[in-house]
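Okay, so here's the structure we're looking at.
In the working numbering, the protein residues as written are 3 to 149.
Laid out in structure tokens, this is it:
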């Protein structure tokens, strides 16, 4: 049977990578970290080769530990390239979104907001979410929380 493998990149904050390296070893993966700056913050980009269906099988662990990440992957035989982001909001809640999901509104959201004359609030909340979910804002949010 032919597997559907691709390359996956995982971006983590420097501190999170340093504190949680063992997660990757538990799953038999020992990627090298390429340090880079994103939005003024030092992050680690881990590259995983030959990942079946773009699933690292560590995503749930990262979410349980409230470790923000961005995962990107190339196209496979049965799926296209994609992006998945996990972030922490300022109130401590978390959000997992794919691609441009954060930039879209459901019809129900818009309709409900329109009926309550709260469209401006909906837009303001979404803009705030987008700003807080940037890497430069994740570190202060996480630093203010107890993990």
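Note that CB positions come from ideal geometry on N, CA and C, so glycine has one too.
By alpha-carbon distance to residue 36, the top candidate from 47, 27, 91 is 47. When secondary structure is reduced to three states using DSSP, residue 36 falls in the strand class. By the Cβ neighbour-count rule, residue 18 is buried, with 16 or more other Cβ atoms within 10 Å of its own. For residue 54, the closest alpha carbon among the candidates 41, 81, 119, 26 is that of 81. Of the candidates 145, 8, 31, 10, 145 places its Cα closest to the Cα of residue 91. Only residues of its own chain outside the window of five on either side were considered, and among them 87 have a CB closer than 6 Å to the CB of residue 99, listed in chain order. Here residue 137 is not bridged, per DSSP, to any residue. Taking all protein chains shown into account, residue 140 has 16 or more neighbouring C-beta atoms within 10 Å of its C-beta and is therefore buried. Annotated as distal: residue 41 and residue 114, with beta-carbon spacing of 9 Å or more. Per the coordinates, the alpha-carbon of residue 57 lies some 8 Å from the alpha-carbon of residue 10.
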